[in-house]
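Protein chains: 2
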Amino acid sequence: MTTSKTPSRRITQRRIAELAGVSQATVSLVLNDKADGAARIPEETRERVLKVLRETGYVADPAARRLAGVGNKILGVFTYEPAFPTESQDFYAPLLSGIEQAAEDLGCDLLLFTSAPVVNGSRRLFHEHNRLRLADGCLLLGVEMDHAELEHLVADGFPFVAVGRRDVEGVPYVAIDYASGTAALIGQAWELGHRRFAYLHVDSRGESVLDRRAGVVDELERRGGASAVEQLLTIPSLGDDLQRDWAAIRDSGATVVVVETAEWAERLHEFAARDGVEVPRQLSMIVLSEPGRGGGSVEFTRLSPPRTALASAATSLLARILDPDDDVRPDELRQTLPCPAIAGVTLAGPAEATE
Amino acid sequence: MTTSKTPSRRITQRRIAELAGVSQATVSLVLNDKADGAARIPEETRERVLKVLRETGYVADPAARRLAGVGNKILGVFTYEPAFPTESQDFYAPLLSGIEQAAEDLGCDLLLFTSAPVVNGSRRLFHEHNRLRLADGCLLLGVEMDHAELEHLVADGFPFVAVGRRDVEGVPYVAIDYASGTAALIGQAWELGHRRFAYLHVDSRGESVLDRRAGVVDELERRGGASAVEQLLTIPSLGDDLQRDWAAIRDSGATVVVVETAEWAERLHEFAARDGVEVPRQLSMIVLSEPGRGGGSVEFTRLSPPRTALASAATSLLARILDPDDDVRPDELRQTLPCPAIAGVTLAGPAEATE
DNA sequence: ACCTGATGCTAATGCGCATTAGCAACTCGG
DNA sequence: CCGAGTTGCTAATGCGCATTAGCATCAGGT
Numbered sequence: 037m038t039t040s041k042t043p044s045r046r047i048t049q050r051r052i053a054e055l056a057g058v059s060q061a062t063v064s065l066v067l068n069d070k071a072d073g074a075a076r077i078p079e080e081t082r083e084r085v086l087k088v089l090r091e092t093g094y095v096a097d098p099a100a101r102r103l104a105g106v107g108n109k110i111l112g113v114f115t116y117e118p119a120f121p122t123e124s125q126d127f128y129a130p131l132l133s134g135i136e137q138a139a140e141d142l143g144c145d146l147l148l149f150t151s152a153p154v155v156n157g158s159r160r161l162f163h164e165h166n167r168l169r170l171a172d173g174c175l176l177l178g179v180e181m182d183h184a185e186l187e188h189l190v191a192d193g194f195p196f197v198a199v200g201r202r203d204v205e206g207v208p209y210v211a212i213d214y215a216s217g218t219a220a221l222i223g224q225a226w227e228l229g230h231r232r233f234a235y236l237h238v239d240s241r242g243e244s245v246l247d248r249r250a251g252v253v254d255e256l257e258r259r260g261g262a263s264a265v266e267q268l269l270t271i272p273s274l275g276d277d278l279q280r281d282w283a284a285i286r287d288s289g290a291t292v293v294v295v296e297t298a299e300w301a302e303r304l305h306e307f308a309a310r311d312g313v314e315v316p317r318q319l320s321m322i323v324l325s326e327p328g329r330g331g332g333s334v335e336f337t338r339l340s341p342p343r344t345a346l347a348s349a350a351t352s353l354l355a356r357i358l359d360p361d362d363d364v365r366p367d368e369l370r371q372t373l374p375c376p377a378i379a380g381v382t383l384a385g386p387a388e389a390t391e
Numbered sequence: 037m038t039t040s041k042t043p044s045r046r047i048t049q050r051r052i053a054e055l056a057g058v059s060q061a062t063v064s065l066v067l068n069d070k071a072d073g074a075a076r077i078p079e080e081t082r083e084r085v086l087k088v089l090r091e092t093g094y095v096a097d098p099a100a101r102r103l104a105g106v107g108n109k110i111l112g113v114f115t116y117e118p119a120f121p122t123e124s125q126d127f128y129a130p131l132l133s134g135i136e137q138a139a140e141d142l143g144c145d146l147l148l149f150t151s152a153p154v155v156n157g158s159r160r161l162f163h164e165h166n167r168l169r170l171a172d173g174c175l176l177l178g179v180e181m182d183h184a185e186l187e188h189l190v191a192d193g194f195p196f197v198a199v200g201r202r203d204v205e206g207v208p209y210v211a212i213d214y215a216s217g218t219a220a221l222i223g224q225a226w227e228l229g230h231r232r233f234a235y236l237h238v239d240s241r242g243e244s245v246l247d248r249r250a251g252v253v254d255e256l257e258r259r260g261g262a263s264a265v266e267q268l269l270t271i272p273s274l275g276d277d278l279q280r281d282w283a284a285i286r287d288s289g290a291t292v293v294v295v296e297t298a299e300w301a302e303r304l305h306e307f308a309a310r311d312g313v314e315v316p317r318q319l320s321m322i323v324l325s326e327p328g329r330g331g332g333s334v335e336f337t338r339l340s341p342p343r344t345a346l347a348s349a350a351t352s353l354l355a356r357i358l359d360p361d362d363d364v365r366p367d368e369l370r371q372t373l374p375c376p377a378i379a380g381v382t383l384a385g386p387a388e389a390t391e
């Protein structure tokens, strides 16, 4: 596919003007509800134009509108990796569902930037053929986002919103308060008597990952000071050898393991069953996310991040930023939604030391 | 959100022309590899322009290109219902995955028409603010599609491809051969000795539903003539009372039940277990689709429709239709992929009559 | 010297909108 | 009658591309 064929011709405002006996400028004014005020077009003329518009089923050409400087209620959606393959679905589907719903409510279409090439294992938003300018604004989705690209967008003044917290200065976002949610669960474990914690997390610099970590570390420090943090076993993992991660957790003597992803928690739970370790009697488990569509066989004590609501709120914020009639206050450019927790059945007091 | 704010200004071909000391026309010719042939621009000039293009990171404005009659490698994607909510995911996710992959390979972006309003329970492609014209062409997804809209598209000459077979004249599509796949499974059951069939299907006029039904009916007629078809119990269902459907199946004395959706099959299997009906010893089950992401607990004898490959092929066909250098033969405008079957464990010979 | 063909570009134009300054005609008040 | 204000539009323009007819210059042949 080198170059596309030219789409077929359709009715234009010029033709509408001929049929209604007015000028193209008048058609445009009527179509955009600018027939009163400065334009001063009488009702009789306006009705005549509206009638022709209706009869012909005229629809404005979005490309012409864009070139004339008017937006088209098209929201770009950029995902830092493919959104639909089975491996990514659990991450992206709830977000896309929220975005789709919000877009529908707002009467917006979504432009998915699937042409973005992969460079060093990650997609690039800025590339030779990027079509950012067809969208009024853009939503960014992904665990880790390229800081240079974020800075580029901010410097360009191109309207966008990141889904999830971002450290880069000037980046508008809607986030989930993973830090507080995590801290609350750690606090519960502490109250139950746990003192030795293991923390298995995704080896990533993504802000949602860092926030969860901060929740763990800061709450432990608050509860038990530096020594409590020293006792914490932190395992950054790529999930490529959970067996080894499990062994490290057991070796540490931790009485509770905090796992970032529900998938990994399921696996650890299987290892526990295999090794005769009873959960939560002998080892408690806390999960900092929820299982995807596959569901889970265990009712983990966990965070329940409102990810669909998150994406929906991000979409609404972008719409507000794009609305010339909406004055978005600076503090509204960064929003954080609370992260509820589910009690579950995998957290109990530590077993009496028997080893 | 009434009207969108104007995006920020960016570098244009005019500015590139100034920097390179040529005209805007020359920049365009160089950018689009038309510097040789009729345009006759020497290599030295061409290199000078390319250098400025590189240094400035210039990207063409897609709206201007569209208005000038050139495509932008943007494929519209229209789903007859929201694509991402949990209830729709099993249907749309594999399709979208195939589309995304093909789009990525082709360097295309996807424009999801989420602004389409819902009329009488279904989305309308043609509406006041449709942005069809921003896309080079469009993919249509859904079980049932509005025939009037399909005819409208055909009459307009707007390039599109339907995912799944469509009866409307002139509609290009890529389909799965549900009829043959279904017939093969019915044939197997017949060979095993089954003579009393029950068929539970979605109450819909969608072509994929009709094709499966044709597969059942035609194969039974072929095997056993009119009397075999007379013996067939056909249950059109909305899935709202599967208990009642199950009772009808049992009352019919059918020795094999053919179920259109994997979800319904799972439910019927539960009813069977509850009622002490052994599958497949006392009742065989054939499923005409596959479970979604949730997986299934039963290894049903079933069709395994290649839905991701289907959508990918449809995307490729659309790309070919859009490519001015690609002469698509009329017979290529309608393609049908074979539908493999999985043997599974739910089909065996009928039990000896014991009732 | 004149004519023809080749070379190196460019001026002009159009795509379909949105916007606005301004023209012609009319009305009213002084 | 004249001037100011109002009404009803419209001509003109620009947005940023892609396309193409055509101009100026040069070289070679007659």
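Chains E and Y supply the protein sequences, listed in that same order.
Going by the numbering used here, the first sequence wraps up at 391, each residue one higher than the last.
Going by the numbering used here, the second sequence wraps up at 391, each residue one higher than the last.
Backbone N, C-alpha and C fix where the C-beta goes; we use that ideal spot for every residue, glycine too.
Please read all numbers here as calculations on a predicted model, not as lab measurements.
List the endpoints of the continuous beta strand (DSSP E) containing residue i.
{"i": "Ser320/E", "result": "Ser320 to Val323"}
{"i": "Ser273/Y", "result": "Leu269 to Ser273"}
{"i": "Val238/Y", "result": "Phe233 to Val238"}
{"i": "Leu147/Y", "result": "Asp145 to Leu148"}
{"i": "Val293/Y", "result": "Val292 to Val295"}
{"i": "Thr372/Y", "result": "Arg370 to Leu373"}
Sort the options by Cα distance to residue i and report the nearest one.
{"i": "Gly261/E", "options": "Pro342/E, Trp226/E, Val155/E and Val295/E", "result": "Trp226/E"}
{"i": "Ser340/E", "options": "Gly332/E, Glu326/E and Ala349/E", "result": "Glu326/E"}
{"i": "Val113/E", "options": "Pro386/E, Ile47/E, Gly380/E and Thr351/E", "result": "Thr351/E"}
{"i": "Ile110/E", "options": "Leu146/Y, Arg84/Y, Thr382/Y and Ala119/Y", "result": "Leu146/Y"}
{"i": "Leu175/Y", "options": "Ala355/Y, Glu187/Y and Val154/Y", "result": "Ala355/Y"}
{"i": "Val190/E", "options": "Tyr209/E, Ala264/E, Ala349/E and Tyr235/E", "result": "Tyr209/E"}
{"i": "Val154/Y", "options": "Gly173/Y, Gln137/Y, Val179/Y and Thr115/Y", "result": "Thr115/Y"}
{"i": "Trp98/Y", "options": "Leu168/E, Thr92/E, Gly157/E and Asp72/E", "result": "In the sequence under discussion, the amino acid at residue 98/Y is Pro, which differs from the Trp named in the question. Cα-wise, what sits closest to Pro98/Y is Leu168/E."}
{"i": "Gln279/Y", "options": "Ala298/Y, Val381/Y, His305/Y and Gly242/Y", "result": "His305/Y"}
{"i": "Glu136/E", "options": "Asp203/Y, Leu142/Y, Ser124/Y and Asp141/Y", "result": "Ser124/Y"}
{"i": "Phe149/E", "options": "Glu117/E, Asp141/E and Glu180/E", "result": "Glu117/E"}
{"i": "Ala308/E", "options": "Pro121/E, Trp282/E and Ala56/E", "result": "Trp282/E"}
{"i": "Arg370/Y", "options": "Ala349/Y, Leu246/Y and Val253/Y", "result": "Ala349/Y"}
{"i": "Pro366/E", "options": "Leu86/E, Val207/E and Gly173/E", "result": "Val207/E"}
What are the boundary residues of the alpha helix (DSSP H) that residue i is part of?
{"i": "Ala283/Y", "result": "Leu278 to Ser288"}
{"i": "Pro98/E", "result": "Pro98 to Leu103"}
{"i": "Val252/E", "result": "Glu243 to Glu266"}
For residue i, which residues from the same chain have a beta carbon less than 6 Å from its beta carbon, with the 5 sequence-adjacent residues on both sides left out?
{"i": "Asp23/Y", "result": "It is not possible to answer for residue 23/Y, since the shown part of chain Y is limited to 37 through 391."}
{"i": "Ala211/E", "result": "Gly200, Arg201 and Thr372"}
{"i": "Pro43/Y", "result": "Note that Pro43/Y scores 41 on pLDDT, short of 50, meaning its location in the model is unreliable; the coordinates nonetheless yield the value given after this. Result list for Pro43/Y: empty, nothing under 6 Å."}
{"i": "Arg50/Y", "result": "Gln60"}
{"i": "Pro374/Y", "result": "Asp213"}
{"i": "Pro130/Y", "result": "Arg343 and Thr344"}
{"i": "Ala53/E", "result": "Ser59, Gln60 and Val63"}
{"i": "Ala234/Y", "result": "Leu269, Ile285, Ser288, Ala290 and Val293"}
{"i": "Thr92/E", "result": "Ile47"}
{"i": "His230/Y", "result": "Thr291, Val292 and Pro386"}
Can you give me the Cβ contacts of residue i inside the same chain, cut-off strictly under 7 Å, excluding the 5 residues immediately before and after it?
{"i": "Arg46/E", "result": "none"}
{"i": "Ala171/E", "result": "Ile110, Leu111, Gly112 and Leu147"}
{"i": "Ser133/Y", "result": "Thr344"}
{"i": "Phe162/E", "result": "Glu185 and His188"}
{"i": "Pro272/E", "result": "His237 and Asp239"}
{"i": "Gly143/Y", "result": "Lys109"}
{"i": "Glu335/E", "result": "Gly380 and Val381"}
In its own chain, which residues sit with a C-beta less than 8 Å from the C-beta of residue i, not counting the 5 before and 5 after it?
{"i": "Arg248/E", "result": "Tyr214, Ala215, Thr218, His237, Glu296 and Leu324"}
{"i": "Ala384/E", "result": "Leu228, Pro316, Arg317 and Ser320"}
{"i": "Ala139/E", "result": "Leu111, Asp145, Leu146 and Thr351"}
{"i": "Ser40/Y", "result": "With a pLDDT of only 43 at Ser40/Y, under the threshold of 50, the placement of this residue in the model should not be trusted; the figure read from the coordinates follows. None."}
Quiz item: In chain order, which beta strand (DSSP E) runs of at least 3 residues are fully inside the region 166-224 of chain E?
Solution: For the region 166-224 of chain E, the continuous beta strand (DSSP E) assignments of 3+ residues that do not extend past its boundaries occur at 173-177, 196-199 and 209-212, in sequence order.
Self-check item: Minimum length 4: unbroken alpha helix (DSSP H) runs contained in the region 51-134 of chain Y
Solution: If only complete runs of 4 or more residues are kept, the region 51-134 of chain Y shows the alpha helix (DSSP H) at 60-67, 79-92 and 98-103, in order along the chain.
Quiz item: Quick one: complete beta strand (DSSP E) runs, 3+ long, within the region 302-365 of chain Y?
Solution: Whole beta strand (DSSP E) segments, 3+ residues: 320-323 and 337-339.
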